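Protein chains in written order, with my numbering: chain A, 117 to 424; chain B, 117 to 424; chain C, 117 to 424; chain D, 117 to 424; chain E, 117 to 424.
Beta carbons are placed, not taken as given, at the ideal position from N, Cα and C, and that holds for glycine.
In this text the structure is predicted, and so the values were computed from the model without any measurement.
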């Protein structure tokens, strides 16, 4: 997640520094040849690159729109994960009860809430291509970890453990039949959110589309110096570089936004969101248990200019 | 929220008065240099800035679209909060009952409805960066305030209190098991709305995108006087300023719309909406209680040209 | 609601007749000055107004899109009101029953359905700024009217009366607990629809955005005659007026569409829809009661070229 | 529904043959006058019609987008009708049961499924402006037809009959109370789909918007020959006709798409969809009844190049 | 599904190699005629093809947008199929139980889950135009295959078998009445997803729209050489071919994206998704059964550069 007012100028242009260098070199070369080699004194009317620029802006506009939509959808999904995690914990604490609160029930509820935290971390790590099991020992029992590590899809396996505990709670009389169905619905929503993340992660943006725009952009940049050389002279190098940088930046942006789970600064901040869920659910758990648990300290987010 | 027909002209241009001054100074300077310093008598064909203008309009159009969508989504969410608050109060009064209406039940219902008002105010203040606890003592008991102030996320804690009261109502026999689940769903919807607001608040608009458009706009304004100077002479200053002001205004608008919870006049009017909910829920409460409570006077909205 | 094939040409241009007159006068003036006063013989290249025209079309296109979305959303909501009113009536007649159909039950059902008709009319009138109580005496008892007139928000109060009757029906054993919850959901959907209408009604379109486009349009029209005068001579007046009229018409259209509850011909036809609901629900009521009630005649829609 | 690869070239241009003839005649006339009458030898720069063309493309693009959305929404709704009809039949066969399958129950289930087929046909015919009662005698009993023909809105009346049968099934003990509510929800969804179709049918596309684009297009076509006459000579007739035909075709397309229930080839294929539902539901009915009913032969869809 | 970084350059241009060859031949011909046949030395101003290019980009942009939406919707639906299949399996294992786990129950659960795998494969094959019955013998009993093969719509028939088993489970007391309704809802969602796929498959993109853009593109390419010949000479062939290729590529892309179930590389990867569901559901089944079943080996996805 980008944090406002903190992105160093260096970072932004770091992304395209090689491209900018190439363009600058190219436009100097064109200028040099134009003034020395009399044979290739080509100057094309400005209309050609200008119109090409309009066309490219249009397509780039449509494309950034679609990339933005993917990125915003990913953020939507993780927003829903926050809401459903909170609702699940609320339901666990307010649905599951018996006449005399037993230790067994308290253990079940705590296990449930910790497992939900584990799911959030596990899903985030899985989407980023890391091991979905790392760090789960803080939240899951050894037996549960063994069970879920047998599955290819670890987060889905964690949700199955949820469902088993709900069944056991029904059998123990902690919840009634309506509450079971209602809890199952919350789990179905979490399952949906997981599936949606996986869909975005596994479906590449149509690459022919991207390639077309990239080729058009190259053609446009190649023609640019010939359009400006007669009007601006050597200043042409500056104008060409500035305009090219603008277009390349927005193309880069679209490429980043379209894949929101790739360890890039514009990513959905899954780690930060998972830590927030952890904090909220732990506070709720401590409050319900009526005493302050020795809270596992949540590592502070590093003072970087973006959140993972 | 902007109120129609009330925005003074001064306010609109106040937003960009420094920028307009700079542009005017710059174009006067260009005119002066053009007519005095014979060396830099550059006049570029109008096509260059004109086409650049089309490109920028296009990108600005796409961007305002996205900013508008964020703003409109925020408004949607607060609309849903109004609806769900009304539905919650209706359900509380029509679901919760016993054969002989007891004082205890009446207290529970009133406590519930007042807490819902507290939640609305608290969420609005939290989103605007103010303390979420300010003024809650009008609606919450001292004990409840103590409980919620232990949480990092105060509005979420208030919803948890709701859930506890629903559980108690089930145990006391005021509601049946279906009604508990139905009330819990309404609370889940409120929890969703809260999460959506926090998502919009915490996710910045991709800043590289904004920066790109801003740089392009600067480039465009810099080139503008050179395009008009030959045709219009000194009148060029007027034309350049007018066109620049248009573009800068719409960019400003997009910047305002994209962050709808930042104490700006184009914000979602969370305070006004919370007050409306307070008014409606109190009327309902008084009517149900069968007598006119000494209503806490709702402060009139200030006669400003926008609502907070 | 606009009715196809019935809008007189006069109506369309009536909307912008003063503006057209001003533009015509202005372009005649420009022509006169151009040919008589030799000092101000300015002719600007056609590119300037032409490109400005592209920019404005683009922004106008985006804006009409957003205005159209508001208008279409309003139509969506009233479509949902039709559906939910029909569903509510169907549920009332098919859920509420007892072994031997009593007169009391029939009265309850009829009261319920009539109150639903009352709600529709009341909401429509409220949105258009008329008194929400006018004409309700045809559908509500004197006591109910007294109750709802104590509320600031009359339609919301009518829905509360619905909820009370549902509670009484549960207590009388006419419906079971599932049916109560299901009826409550239908009422929640109606409550949502009401809230959505109020959101559209109370949220103005960002006015700075509109103003920007309006100023740009003025600038464009002012420049237009200077672009055409050399090519077309006096015919310039015709061309300028035609083009300006086109742009002004589409701007007017966007302004109308963006506020769909303002007593304008492009409004959502809330009165007509409410009358249709009244007709359908009354037919259903008569059929269920097994006899033809002396139907209150629904006033025919006036043969105007638009429906309110 | 348009069937791919089957639309004869003649059909496409048949739609605009008169318009094309007028344009051709007009451009020949302009050529003739240009070369014979020396007085009106006007040739305007190509920029004027060209830019006008861009503006019109833009608006036409936005408009086709909105027309396409209406058409696609209509297709969505009928897709939902297919799904909900299948679900309703599945629920009727799997929910409604008793210990010993009686003939009475079998009759009820068959009556229900046939009535659902009737509803689909009736809704389709109603939307296309045909009598909603035609052909219903194949699916409804004489008594049911009499009942529904008393209603203004026949499909809504059929859904009411559904609801009555569900109530009777509950009273006879064929279904339990949850299943009643679940069946009622399916019927509410069908009721929603019907209401959405009626909304699209009854809400015209804002006609001022269409008119504006139409006038602009006429203006553009009138100017076109003057722009090309100097460059192309008599070939101008061909170029002008080709370009005009393109624009007129896409305008026609938008007009067709925006009203998807008007007996036009681009319509939603309500008849074909209703027949598919009929086929699927009958197969299910025969299978459940355990014997092959003498199936009413479904008339083959005519080998036309589009489906109704 | 396109796999990133693996699409050979040859593949991309293979799609349009004939078109590129034609364009190249055509522009060489124009060059040859221009320089040899003095009669047809037509050179048109660059503005004509350039503006036409803008118009076409705009329409192509809108169209790719709509094609992309269809493709993305198809991907959405199959994402929902993954989620609902997982949820169905989870519900089957956690809802269906009895006091002493009997072999009969285990068989029922396994049959259910295998049938769900069968449904996924069957739907995928049906959408791609293959026989929906191929390979189902791995998952369905001989009797079930016989039953479903009597239906025109095989996947819908499989869902009916699901519904029958749910009814039997209710009668056997494995599930309660709420769970039956909840399972039925999951099946309704699967039924919805199937219907949505069929809608996309059976509704062609409005062909007149496609044709219009195709004709405009042809006209544009025909005019292109005449615009460039004077400026670039023989180099014109390269420029014309490059620009044409760009436009043709993006048109091709839109054509591919708009029909996402046609055995093309850009298709929704229904086979791969069905195999993933198979893998996940089998792992869950083995785990629940408490022993490792001799798993039917899932054929590895071929190392091609796209997934089916």
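Alpha-carbon spacing of residue i relative to residue j, whole angstroms
i, j, result
"residue 133 of chain A", "residue 377 of chain A", "24 Å"
"residue 437 of chain D", "residue 331 of chain D", "Outside the displayed span of chain D (117 to 424) sits residue 437 of chain D, for which this structure offers no information."
"residue 341 of chain C", "residue 151 of chain C", "13 Å"
"residue 131 of chain E", "residue 178 of chain A", "23 Å"
"residue 305 of chain E", "residue 360 of chain C", "52 Å"
"residue 300 of chain D", "residue 315 of chain E", "25 Å"
"residue 405 of chain B", "residue 205 of chain B", "13 Å"
"residue 207 of chain B", "residue 276 of chain E", "37 Å"
"residue 135 of chain E", "residue 394 of chain E", "42 Å"
"residue 390 of chain D", "residue 181 of chain E", "30 Å"
"residue 425 of chain E", "residue 280 of chain C", "With chain E covering only 117 through 424, there is no way to say anything about residue 425 of chain E."
"residue 198 of chain E", "residue 326 of chain D", "43 Å"
"residue 227 of chain A", "residue 202 of chain A", "15 Å"
"residue 239 of chain C", "residue 271 of chain C", "6 Å"
"residue 333 of chain C", "residue 303 of chain E", "55 Å"
"residue 292 of chain E", "residue 210 of chain B", "29 Å"
"residue 142 of chain E", "residue 357 of chain E", "10 Å"
"residue 195 of chain A", "residue 375 of chain E", "32 Å"
"residue 235 of chain D", "residue 262 of chain D", "15 Å"
8 Å contact criterion, which residue i and residue j should meet: CB distance rounded
i, j, result
"residue 278 of chain D", "residue 244 of chain D", "Rounded, the Cβ-Cβ distance is 23 Å, inconsistent with contact."
"residue 172 of chain E", "residue 397 of chain E", "48 Å between Cβ atoms; not a contact."
"residue 336 of chain D", "residue 165 of chain D", "6 Å"
Residue i burial status per 10 Å Cβ neighbour count (16 or more: buried)
i, result
"residue 265 of chain D", "exposed"
"residue 269 of chain E", "buried"
"residue 365 of chain B", "buried"
"residue 349 of chain D", "exposed"
"residue 138 of chain C", "exposed"
"residue 259 of chain A", "exposed"
"residue 284 of chain C", "exposed"
"residue 218 of chain B", "exposed"
"residue 256 of chain E", "buried"
"residue 310 of chain B", "buried"
"residue 190 of chain A", "buried"
"residue 387 of chain D", "buried"
"residue 246 of chain A", "exposed"
Boundaries (first-last residue) of the alpha helix (DSSP H) holding residue i
i, result
"residue 262 of chain A", "258-265"
"residue 292 of chain C", "Residue 292 of chain C -> no alpha helix (DSSP H), and no H or E assigned at all."
"residue 392 of chain E", "386-405"
"residue 240 of chain D", "219-243"
"residue 152 of chain C", "133-152"
"residue 368 of chain C", "352-374"
Partner residues on chain H for residue i, Cβ-Cβ distance less than 7 Å
i, result
"residue 399 of chain B", "In summary, chain H is missing from the structure at hand, where the protein chains are A, B, C, D and E."
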